[in-house]
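Comments concern the structure below.
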Amino acid sequence: MTTYILRRLLASLLILLGASFIVYMLIAYSGDPLAEIRSSNSPSKADQMARRTELLHLDVPPALRYFIWLSGAVKCVVPFAGQCDLGVTLQNQPVTAALANAIPTTLQLVTTAALLAILLGVTIGVITALRQYSTLDYSVTFITFLFFSLPVFWVAVLLKEFGAIGFNDFLRDPFIANSTILVISLIVGAVWTVIIAGTLKRRLLTFGVAFLVTVLVLYYLSVTRWFTTPQLGVVIVAVTGIAAAYGFTVLFAGLQNRRALYSALITVGIGLVMYFAIQPLLANANLWIIIGLGILAIGVGLLVGYLMGGYDRGQSMKAAALTSFAVAFLILLDRYMQAWPAYMSNPRIRNRPIATIGAETPGLEGDFWIQGLDKYTHLILPTIALILISLASYTRYSRASMLEVMGQDYVRTARAKGLSERVVVTRHAFRNAMIPLATIVAIDIGGLIGGAVITENVFSFKGMGQLFLTGLHNIDPNPVMGVFLVTGITAVTFNLLADLTYSALDPRVRVKA
Amino acid sequence: MTAILENTADVPPNPTTPENPEDVKGLSQGRIVLKRFFGHTGAVVSIVVLLSVLVLAISAIGLGPIPGWWKYSYLQTPPLVNGGKPTLQVFPFSLGEHPFGQDRVGRDLFAMTMRGTQISMFIMVLVGAIAALVGVLIGSSAGFFRGKTEAVLMRFTDMIIIIPALIAAAVVANSAKSVIALALFLGLVSWTGMARLVRGDFLTLREREFVDAARLAGASNSRIIFKHILPNAVGVITVNTTLLMSAAILTETALSYVGLGVKSPDVSLGSLISANQAAFATRPWLFWWPGIFIVVICLTINFIGDGLRDAFDPRQKKFALRRVKETRDRPDLYPGSKAPDHLTTGGSTTIAAGGLYESLDRPADMGEDNDDGEGRR
């Protein structure tokens, strides 16, 4: 195993060296970094050219210049080798500093999108696989193909137009017209009918209930002008929490496991008490308090599950911990909503909250909640765009994988020995179906770090993609190489991780020592 | 349970034999695939739509020196009519002066979109062809020869994988400036997935008996690769090529969007959107039409790829959860209940006969169990 990893690491190093050499040569021959100065009429032209030539070592042939760059870059990878040096940009800014600024922005953008896309994609894929060739399957297949075919910049412009400008206009007077309510409710009803399916009577019932509930909710939101002062309140937190308790219990333990259900419901009760108890603490919160409370929530859930005990403690603990986390999330959401009116009326926002460009409003002042809201209003559109375009592949992969597993003999055996369909699907099929997906996810995450170039460009995020793109446009090799180094190293590392994960998850696969 | 097992033993020995002798006649692999492909409605519709888009794009503004039927070219700047609004009418159908509208200086968007479609599809086909060729060559040599060749070729593939397409495009954009060069460079960085897939397929196929037989018969390596193994890997290659092409068209439009792809005065669908995105509030049609064309082309290719996958690889057979539920609701299937007499007739779906997964009395499933399924992914 160790020999395998060492050999792979050595091979990866060689791959990185080769690829970085090719990339360096490609950039070096892609144009003339002096063109901009050459065409200017500045009297100090010769002087400027000499300075830039010295800065970028342009008097050295590209193949040798690569080694000058490499001698600096090696220090970044090898520990204790000295000061990390990736050269400077044309603006004489060290690339390491530029990268240090860009990486957090990019990570912020891609992690949320990746996590949500994986979660949604796998859920949808598994559900469609369980209902192969149903109306739901066909519609979802069509929609995922459609998303897959959308150019991200096109989606981005549409999102800016309707998601930002349109929604901000709507917020000026958040009144929903009756016809709009009707149309939305009809669509929601139809969607639920397709999802739940069943006999004609059940379908009609589903449609009716979904339609009525949506009409009532939308009417309530519209009449109370909910969007100007959004809040969940203790009632909605309680109702959603109980729904989550039932949902997680069904998924992880089955409703007949009463102890699991009760422990999940108890955590909802504790959460509701905490809702009132921690409001003063939340008023002057910071990131660490929030993270701590989140961990505490999971811990409380685990504890409740443990104390409830029963023949299968693990199930109760899992269900309770997830429910507890969900309730904690709802409380957090509620607290953010409480800060919404203050955010809206901030002079920097002027009641147009959803932003179309940038990662934050410059010069915005406010407490933790205001800053957080500002971050989310900037992140929401690019995140949606990224989710839409990457959702399709996860859905397709997990569907195909799940279908293959559901046709296996051990699934038939599981059914034959009388296990409930829930256990067959969640324990026997789902876990095995996720093995090939783990590889794909690992490789995707490796590629994702540098993969949001276009999205960053459309939404003017000053992340790595932007650094890369401006470098390419200005024929500025150092920032491009810096970004390439980061993306290359993550890609190679995650490739290795993918292989190791696979062999760890699937004992049939052995790595060659 | 035993009751069911006994009962299925009474089923006529081969319930799957179809009545019609036509179906028994051997079909070539190609015919079977073709038949299955044309059974996929989405794929057939997609082929028709894609072909009509292609015909429209070529016939409207012509190809090269051959003139088309449309009166404007994408370079002309006729005077603005009615603020450049689109004149397309669906009912009653009429194209009008400028069916897709005009841009700020009056160029006809219909002609520009058609030109963009031509360029984008040309790039797509070229990238697909180059990537497929290089990928198949490298993947098949690596998979067939194994050993040192494989190690070197696959490490080389790993190296190319981490080179971003944007870099290749930047080289072209800043120096060559031609559509063919762009397609060439894009093709040269996007063959990696194909090479990996083909290698995987070759690794399993080379161990098969027919390869041994060919070698014993004295066939040369190249003959074994091209005549014996490659035809068996054609499914993977075709499906992956369509996916490559749909990825290529999106890459091309994205590159044109950030100014590294097709350069003005020539247009591609991506550069049209890029040039006009700021005008969304005033001239939304400049943004809609090229976008719709990209989506339609890409969507149809994806559906064709899906149809091809189903046709080549029917392993994802129907597994019917509903039937499981129905059987559970039918107490007669369980031991201890009344003898399930009717199950013996027709030999349709019983648990013991594996009927949960596919109905055995459908001749459509006959002989489709692909025998070279391993490694086809």
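Here the protein sequences line up with chains A and B, keeping their order. 52 is the number of the first residue of the first sequence in the working numbering; add one for each residue after it. 16 is the number of the first residue of the second sequence in the working numbering; add one for each residue after it. In this text, a Cβ means the ideal position worked out from N, Cα and C, and glycines have one as well.
Rounded to whole angstroms, what's the CA-CA distance from serine 205 of chain B to alanine 146 of chain B? Just pull it up for me.
The residue you call residue 205 of chain B lines up with position 190 of the second sequence. The residue you call residue 146 of chain B lines up with position 131 of the second sequence. Roughly 6 angstroms separates the two Cα atoms.
Can you look up isoleucine 81 of chain B in the DSSP assignment and give me helix, strand or coil?
For this step, residue 81 of chain B is matched to residue 66 along the second sequence. In the structure shown, isoleucine 81 of chain B sits in a strand (DSSP, three-state: E or B).
State the start and end residues of the unbroken alpha helix (DSSP H) segment that holds glycine 240 of chain A.
Working through the first sequence from its first residue, we reach residue 240 of chain A at position 189. First-last of the alpha helix (DSSP H) with glycine 240 of chain A: 229 to 247.
Isoleucine 526 of chain A versus chain B: which residues are under 7 angstroms apart at the beta carbon?
One-based indexing of the first sequence puts residue 526 of chain A at position 475. Here the neighbours are Asn189.
Per-residue burial, leucine 275 of chain B [other beta carbons within 10 Å of its own, 16 or more giving buried]
Mapped onto the second sequence, residue 275 of chain B falls at position 260. Leucine 275 of chain B should be labelled buried.
Is the stretch 393 to 404 of chain A close to the stretch 339 to 357 of chain A, with three or more CB pairs under 8 angstroms?
no
With 9 angstroms as the threshold, decide whether the Cβ of valine 266 of chain A is near any Cβ in chain B.
Translated into the one-based positions of the first sequence, residue 266 of chain A becomes position 215. Chain B contact via Cβ: absent.
Please state whether the Cβ-Cβ distance between tyrosine 448 of chain A and glycine 176 of chain A is less than 9 angstroms.
As a first step, residue 448 of chain A must be located in the first sequence, where it is residue number 397. As a first step, residue 176 of chain A must be located in the first sequence, where it is residue number 125. Yes, they are a contact pair.
Beta-bridge partners of aspartate 123 of chain B, as assigned by DSSP:
One-based indexing of the second sequence puts residue 123 of chain B at position 108. B:Gln117.
Which of the three DSSP states is assigned to proline 530 of chain A in this structure?
Counting from 1 along the first sequence, the entry for residue 530 of chain A is found at position 479. Three-state result, proline 530 of chain A: helix.
Using only alpha-carbon positions, find the residue among A:Gly320, A:Ala207, A:Arg182 that is nearest to valine 476 of chain A.
Taking the first sequence and counting its residues from 1, the one referred to as residue 476 of chain A is at position 425. The candidate whose alpha carbon is nearest that of valine 476 of chain A is A:Arg182.
Which residues in chain A sit within 8 angstroms of isoleucine 81 of chain B, going by Cβ to Cβ distance?
Taking the first residue of the second sequence as position 1, residue 81 of chain B is located at position 66. Ordered by position in chain A, no residue passes the 8 angstroms Cβ test against isoleucine 81 of chain B, which lies about 30 angstroms from the chain.
Indicate the three-state DSSP secondary structure (helix, strand or coil) for valine 273 of chain B in the structure shown.
Numbered from its first residue, the second sequence carries residue 273 of chain B at position 258. Of the three classes helix, strand and coil, the one that applies to valine 273 of chain B here is coil, per DSSP.
What is the rounded straight-line gap between the Cα of glycine 116 of chain B and the Cα of isoleucine 175 of chain B?
Here residue 116 of chain B refers to the residue found at position 101 when the second sequence is read from its first residue. Here residue 175 of chain B refers to the residue found at position 160 when the second sequence is read from its first residue. Approximately 43 angstroms between the Cα atoms of the pair.
Does the stretch 58 to 73 of chain A come within contact of the stretch 535 to 551 of chain A, defined as at least 3 CB pairs closer than 8 angstroms?
yes
Got a sec? Which residues, its chain only, sit under 6 angstroms from phenylalanine 200 of chain B by beta carbon, not counting five neighbours each side?
For this step, residue 200 of chain B is matched to residue 185 along the second sequence. These residues qualify, in order along the chain: Ala183, Val187.
What residues from the stretch 165 to 181 of chain B come within 7 angstroms of chain A, judged by C-beta to C-beta, listed N to C?
Arg170, Asp173, Met174, Ile177, Ile178, Pro179, Leu181
Would you call proline 94 of chain A buried or exposed, if buried means 16 or more other Cβ atoms sit within 10 Å of its Cβ?
The count along the first sequence starts at 1 and reaches residue 94 of chain A at position 43. So proline 94 of chain A ends up on the exposed side.
Using a beta-carbon distance below 9 angstroms, is glycine 539 of chain A in contact with chain B?
Taking the first sequence and counting its residues from 1, one reaches residue 539 of chain A at position 488. True, the Cβ-Cβ gap to chain B drops below 9 angstroms.
According to the neighbour-count rule (16 or more other Cβ atoms, all chains shown, within 10 Å of its Cβ), is aspartate 460 of chain A buried or exposed?
Here residue 460 of chain A refers to the residue found at position 409 of the first sequence. When all chains shown are included, aspartate 460 of chain A counts as exposed.
Less than 9 angstroms between the C-beta atoms of valine 142 of chain B and alanine 72 of chain B, yes or no?
What you label residue 142 of chain B is simply residue 127 of the second sequence in a count that begins at 1. What you label residue 72 of chain B is simply residue 57 of the second sequence in a count that begins at 1. No, the Cβ-Cβ distance between valine 142 of chain B and alanine 72 of chain B is not below 9 angstroms.
State the start and end residues of the unbroken alpha helix (DSSP H) segment that holds serine 190 of chain B.
For this step, residue 190 of chain B is matched to residue 175 along the second sequence. Neither: serine 190 of chain B is in no alpha helix (DSSP H) and is coded neither H nor E.
Can you give me the Cβ contacts of threonine 172 of chain B inside the same chain, cut-off strictly under 7 angstroms, excluding the 5 residues immediately before and after it?
Position 157 of the second sequence, counted from the first residue, corresponds to residue 172 of chain B. Ile153, Thr207, Ala210, Arg211, listed in sequence order.
Using a Cβ cut-off of 7 angstroms, which residues of the stretch 210 to 240 of chain A contact any Cβ in chain B, in chain order?
Glu212
Since phenylalanine 318 of chain B is in the alpha helix (DSSP H), which residue starts that stretch and which ends it?
On the second sequence, position 303 is the one that residue 318 of chain B refers to. Unbroken alpha helix (DSSP H) run through phenylalanine 318 of chain B: 300 to 327.
Alpha carbon of alanine 151 of chain A to alpha carbon of serine 190 of chain A, nearest angstrom
Along the first sequence, one-based indexing puts residue 151 of chain A at 100. Along the first sequence, one-based indexing puts residue 190 of chain A at 139. Taking the straight line joining both Cα atoms gives about 43 angstroms.
C-alpha gap between leucine 141 of chain A and serine 109 of chain B, whole angstroms
Mapped onto the first sequence, residue 141 of chain A falls at position 90. Mapped onto the second sequence, residue 109 of chain B falls at position 94. If I take the Cα positions, the gap works out to 55 angstroms.
Taking all protein chains shown into account, do 16 or more other C-beta atoms lie within 10 angstroms of the C-beta of arginine 221 of chain B, making it buried, or fewer, making it exposed?
In the second sequence, the residue the question calls residue 221 of chain B occupies position 206. Arginine 221 of chain B should be labelled buried.
Three-state secondary structure (DSSP) of glutamine 330 of chain A
Numbered from its first residue, the first sequence carries residue 330 of chain A at position 279. Correct three-state label for glutamine 330 of chain A: helix.
Cβ shell of glycine 259 of chain A (< 8 angstroms), same chain only, five flanking positions each side left out
Within the first sequence, the letter at position 208 stands for residue 259 of chain A. Closer than 8 angstroms at the Cβ level, and outside the excluded window around glycine 259 of chain A, lie Gly240.
Relative to the C-alpha of leucine 301 of chain B, which residue among B:Ile288, B:Val167, B:Thr315, B:Val310 is closest?
Residue mapping note: residue 301 of chain B aligns to position 286 of the second sequence, counting from 1. The candidate whose alpha carbon is nearest that of leucine 301 of chain B is B:Ile288.
Taking threonine 268 of chain B as the query, report the chain A residues whose CB atoms sit under 9 angstroms from its CB, ordered along the chain.
Here residue 268 of chain B refers to the residue found at position 253 of the second sequence. Going along chain A in sequence order, the residues near threonine 268 of chain B (Cβ under 9 angstroms) are Pro202, Phe204, Trp205.
From the beta carbon of aspartate 386 of chain B, is the nearest beta carbon of chain A less than 9 angstroms away?
As a first step, residue 386 of chain B must be located in the second sequence, where it is residue number 371. Because the pLDDT of aspartate 386 of chain B is 27, which lies under 50, any placement of that residue in the model is unreliable, and the question is left without a value.
Given a limit of 8 angstroms on CB to CB distance, which residues of the stretch 76 to 91 of chain A reach chain B?
Leu77, Ile78, Tyr80, Ser81, Gly82
Please confirm whether alanine 296 of chain B has its beta-carbon closer than 9 angstroms to some beta-carbon of chain E.
Protein chains A and B are contained in the structure displayed, whereas chain E is not.
Reduced DSSP secondary structure (H/G/I, E/B, other) of valine 139 of chain A:
On the first sequence, residue 139 of chain A is found 88 positions in, with the first residue counted as 1. Of the three classes helix, strand and coil, the one that applies to valine 139 of chain A here is strand, per DSSP.
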